[in-house]
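**Q**
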Amino acid sequence: GVYFFSGHLSITMVVVANPLGTTVPHQLNPVSRVLLGPGPQNAHPRVHAAMSLPQIGHMDPGFLKIMEEIKHLLRYVWQTENTFTVPVSGTGSAAWEAAVANLTEKGDKHLICINGYFGERAVDLHGRYTDNIVDITTPYGTAFCLAEIEAGLQEHKPDLMWIAHAETSTGVLQPMEGIGELCQKYNCLLMVDTVTSICGIPVTLDDWKIDACYAGTQKCMGCPPGVAPLSLGPRALAKMDSRKTKVANWYLDMSMIRKYLEASGGAPRTYHHTAPISMVYAMREALTLVAEEGLENCHARHKANAEYFWSELERIGLEPFVDPSIRCASLTTVCIPEGVDGAKVTTIMRDRFQIEIGGSLGTLKGKCWRIGLMGYNNRPELVKLVVGALEESIQLSKQ
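Mapping the sequence shown onto our numbering, position 211 (from 1) lands on 268, and the numbers just tick up by one.
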């Protein structure tokens, strides 16, 4: 570095050696793989092209217009009229933490519905904002019935209840009908995780009376991770507006970000943080692709290819872990056969066939593979590819 001090030239000494050409190659050249694990999945070429477009400033009227377009598209894929339906700077976990941070004050009681690894994570995440966490549980691979949920609400009388619509660790799809009504009956906010269902499986926030919802982009939406959707309904916004204390997370304080994302009554937009411009472009293009296909058609494609995948698994003697009545179309947990080294198969899939599949989490670790067919990767040719590679990899693992 070269600096000027009092008219004299000052040259700083470089102590740490330049790593280029030694420990760091000159040009980035990542391996290319077909991503068929629990996420991220490969994005559509149009999404990558959008990310390469020239950036504009995050306060530029042109960029604010793109943000408004994203809000409209998010309302469409979530089937909601919620005004506060926005992109959050960060992955799906950031949108989740934003929902929790903004709707929680110390002492609030949260009821967590645990039927997988992400329910267990919810206990940890929510517990960082309140010390009043209670839970109801059902085994991995099963869903909650309304009677179980009502019993939990009746016993614990929580301020907020969290549940996963699509449990990413198990591939269970939680039936949502009637849960929102129960939460309203017991004066409780309903927060729902739709990370693995948004754009691939029907999600109707308004019909289901969901108060707070978040998702990720890297699964059925078909966008690389880095920006995430969040929607807060009228009851959630009322809770946020009546807070007695500041939100305990400055970066994700939606009361401040609202002044940037919403300009009600002609008020000027207020700077909070620099938005991830290129990621916003990517989300805009990914949502556009969903809208061009049509939401119903997108859901039907995910369902049809999932059923094809399940039939192909049966053909080669493999079975899904979850009952068909509550099985996600986007993500399947496949039982590892007796005597097969699941981790070895995953490694062969990656190294020989350049295909990524996932292992399982929590109590299913070592018992199942997680295979996702989401977004741009939800195609029949990829069903055939992954099943053929999986069958051969199992045979090779035994050698």
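Glycine is no exception: its CB is placed at the ideal position from the N, C-alpha and C atoms.
(1) I need the boundaries of the beta strand (DSSP E) containing S254, first residue and last residue.
(2) Determine the extent of the alpha helix (DSSP H) in which M108 is found, giving its start and end residues.
(3) Count the other CB atoms within 10 Å of the CB of M218; is the residue buried (16 or more) or exposed (fewer)?
(4) What is the C-beta distance between G235 and I267, in whole angstroms, given that I count them as a contact (C-beta under 8 Å)?
(5) Do you know offhand how far R384's Cα is from S109's?
(6) Can you give me the C-alpha to C-alpha distance between V391 and W426, rounded to a whole angstrom?
(7) Report the partner residues of T142 according to the DSSP bridge assignment.
(8) Please list the terminal residues of the continuous beta strand (DSSP E) segment that includes I428.
(9) Count the other C-beta atoms from every protein chain shown that fall within 10 angstroms of the C-beta of W265, then say buried if there are 16 or more, exposed otherwise.
(10) Could you check the C-alpha separation between K476 and K441 for me, to the nearest Å?
(11) Would G198 and F378 be called neighbours here (beta carbons separated by less than 8 Å)?
(12) Which residues does DSSP pair with M248 in a beta bridge?
(13) DSSP has E162 in a bridge; who is on the other side?
(14) Would you mind listing the beta strand (DSSP E) stretches within the stretch 357-384 that are 3+ residues and don't spill past its ends, in chain order?
(15) What residue range does the alpha helix (DSSP H) around V444 cover?
(16) According to DSSP, is D192 helix, strand or coil?
(17) In this structure, what does DSSP give as the bridge partners for H167?
(18) If you count every other CB in all the chains shown that lies within 10 Å of the CB of K303, and 16 or more means buried, which is it?
(19) Rounded to the nearest angstrom, what separates D250 and Q98 at their Cα positions?
(20) Thinking just about the alpha-carbon of each residue, which of I206, S299, V260 is nearest to the one in A223?
(21) Do you know whose CA, among E413, D408, K301, K424, lies nearest E395's CA?
(22) Do you know offhand how far G184's Cα is from Y317's?
(23) Is DSSP giving F61 helix, strand or coil here?
(24) Take the Cβ of V81 as the centre, count every other Cβ of all protein chains shown within 10 Å, and call the residue buried at 16 or more, exposed below.
(25) What does the alpha-carbon distance come out to for the pair Q84 and Q136?
(26) Ordered along the chain, which non-local residues of its own chain (more than five positions away) have a Cβ less than 8 Å from that of R358?
(27) Once the 5 residues before and after L375 are set aside, which same chain residues still bring their CB inside 8 Å of it?
(28) When DSSP builds the beta bridges, which residues end up paired with I412?
(29) If we count the other Cβ atoms within 10 Å of its Cβ and call it buried at 16 or more, is Y338 buried or exposed?
(30) Tell me which same chain residues have a C-beta within less than 7 Å of the C-beta of C280, skipping the five on either side of it?
(31) Given a cut-off of 8 Å, decide if Y271 and A152 are closer than it, judged by their beta-carbon atoms.
(32) By the three-class DSSP mapping on this structure, what secondary structure does L309 have?
**A** This is what the structure gives:
(1) Here S254 belongs to no beta strand (DSSP E), and DSSP marks it neither H nor E.
(2) 102-108
(3) buried
(4) Contact doesn't hold; Cβ gap of about 12 Å is too wide.
(5) In a straight line, the C-alpha of R384 is about 37 Å away from that of S109.
(6) 5 Å
(7) S288
(8) 425-429
(9) buried
(10) For residue 476 there is no data in the structure shown, the boundaries of the chain being 58 and 456.
(11) yes
(12) W219, A269
(13) DSSP lists no partner for E162.
(14) Complete beta strand (DSSP E) runs here, min 3: none at all.
(15) Annotation for V444: the continuous alpha helix (DSSP H) segment containing it runs 437-454.
(16) strand
(17) I190, L217
(18) exposed
(19) CA-CA distance, D250 to Q98, rounds to 19 Å.
(20) That would be V260, whose Cα lies nearest to the Cα of A223.
(21) K424
(22) 29 Å
(23) Per-residue confidence for F61 stands at a pLDDT of 49, beneath the threshold of 50, marking its modelled position as unreliable; no derived number is given.
(24) exposed
(25) 43 Å
(26) Excluding sequence neighbours, R358 sits near E350, N435.
(27) V391, C392, P394, L447
(28) Per DSSP, the beta bridge partners of I412 are V91.
(29) Its Cβ being crowded by 16 or more others within 10 Å, Y338 is buried.
(30) A100, V104, T274, A339, M340, A343
(31) yes
(32) coil
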